[in-house]
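From first to last, the protein sequence lines are chains G and U. For the first sequence, position 91 (counting from the first letter as 1) is numbered 91 according to the working numbering, and the numbering increases by one without interruption. For the second sequence, position 57 (counting from the first letter as 1) is numbered 57 according to the working numbering, and the numbering increases by one without interruption. Glycine is no exception: its CB is placed at the ideal position from the N, C-alpha and C atoms. Notes follow the structure.
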Amino acid sequence: AQKITQTQPGMFVQEKEAVTLDCTYDTSDPSYGLFWYKQPSSGEMIFLIYQGSYDQQNATEGRYSLNFQKARKSANLVISASQLGDSAMYFCATRTRGSNYKLTFGKGTLLTVNP
Amino acid sequence: DTEVTQTPKHLVMGMTNKKSLKCEQHMGHRAMYWYKQKAKKPPELMFVYSYEKLSINESVPSRFSPECPNSSLLNLHLHALQPEDSALYLCASSQERGPRNTEAFFGQGTRLTVV
Numbered sequence: 001a002q003k004i005t006q007t008q009p010g011m012f013v014q015e016k017e018a019v020t021l022d023c024t025y026d027t028s029d030p031s032y033g034l035f036w037y038k039q040p041s042s043g044e045m046i047f048l049i050y051q052g053s054y055d056q057q058n059a060t061e062g063r064y065s066l067n068f069q070k071a072r073k074s075a076n077l078v079i080s081a082s083q084l085g086d087s088a089m090y091f092c093a094t095r096t097r098g099s100n101y102k103l104t105f106g107k108g109t110l111l112t113v114n115p
Numbered sequence: 001d002t003e004v005t006q007t008p009k010h011l012v013m014g015m016t017n018k019k020s021l022k023c024e025q026h027m028g029h030r031a032m033y034w035y036k037q038k039a040k041k042p043p044e045l046m047f048v049y050s051y052e053k054l055s056i057n058e059s060v061p062s063r064f065s066p067e068c069p070n071s072s073l074l075n076l077h078l079h080a081l082q083p084e085d086s087a088l089y090l091c092a093s094s095q096e097r098g099p100r101n102t103e104a105f106f107g108q109g110t111r112l113t114v115v
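Structure (structure tokens):
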């Protein structure tokens, strides 16, 4: 079975600063994908970034980057230059062949960006 | 167009009612999903359709009945629900449910209240 752990229930950051949201995972499957989603209060789950287990480089998408440390089974999300609109719940998720490709989510981190 | 459309956005129903949630995507995705999300919790998988066939049922009670009429549409039929079924119901789609580990795109969800 796979497990995703997000140890920060809530995080605060000042506007324009960078913030790191932690995520660790536990899987014995050699092939897996790691995902980050943003969920504003409106409810929609917005895909942010993806990292494959065999990818050699850390994924980046605009202000989002993923700090992938495979040996430590860590996939932290870094948001640079935070904006007020970044305030939302952030979920880390994984998908493996062994889990029948189900997307399994962590408990989430509520990020609040202060002006 | 990376859009998954869910209707209705809000639904209030009595315990004896029959209602349906609808989900539509036109991205050519062949895998579609229903998730249930309680407040302050991560989404939990309910059903997966792959190539219009039900491939995963996460032991969901029979008062929830999924249907996939074609590759673009996914319905969730509701009957004799309980107040504890009140939640945000999210639909998602992805290119396929396979080794490519592609991201899932979510709709805005239907906020269901059972009274």
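Bridge partner(s) assigned by DSSP for Thr109(G): Tyr90(G)
Mind checking which residues open and close the beta strand (DSSP E) that includes Met27(U)? No beta strand (DSSP E) contains Met27(U), which DSSP labels as neither H nor E.
Apart from the five residues just before and just after Ser94(U), which ones in its own chain have a Cβ nearer than 6 Å to its Cβ? Sequence-distant partners of Ser94(U) (beyond 5 residues in either direction) whose C-beta falls short of 6 Å from its own C-beta, in its chain, are His29, Ala31, Thr102, Ala104.
Chain-ordered neighbours of Phe105(U) on chain G, where CB pairs are closer than 8 Å: In chain order: Phe47.
For Glu44(G) versus Gly14(U), is the C-beta spacing smaller than 8 Å? Against a cut-off of 8 Å, the Cβ pair of Gly14(U) and Glu44(G) comes out as no contact.
Tell me which same chain residues have a C-beta within less than 6 Å of the C-beta of Gln14(G), skipping the five on either side of it? Asn114
Which residue wins for smallest C-alpha separation from Lys22(U), given the options Ala92(U), Arg111(U), Leu73(U)? Leu73(U)
Bridge partners for Ser59(U) per DSSP, in chain order? In DSSP, Ser59(U) forms no bridge with anything.
Classify Phe105(G): buried if its beta carbon has 16 or more other beta carbons within 10 angstroms, exposed otherwise. By the Cβ neighbour-count rule, Phe105(G) is buried, with 16 or more other Cβ atoms within 10 Å of its own.
Which same chain residues, not among the five before or five after Leu54(U), have their C-beta less than 8 Å away from its C-beta? Only Phe47, Val48, Pro66, Cys68 meet the Cβ criterion.
Given Ser59(U) as reference, the closest of Tyr51(U), Ser50(U), Leu45(U) once Cα atoms are compared: Leu45(U)
Use the C-beta contact count for Thr96(G): other C-beta atoms within 10 angstroms, 16 or more gives buried, fewer gives exposed. buried
Suppose you measure from the CA of Leu103(G) to the CA of Thr94(G); what does that come to, to the nearest Å? 6 Å
Burial state of Lys36(U), where buried means 16 or more other Cβ atoms lie within 10 Å: buried
So, for Ser20(U): in the same chain, excluding its five sequence neighbours on each side, which residues have a beta-carbon less than 8 Å away from its beta-carbon? Asn75, Leu76, His77, Leu78
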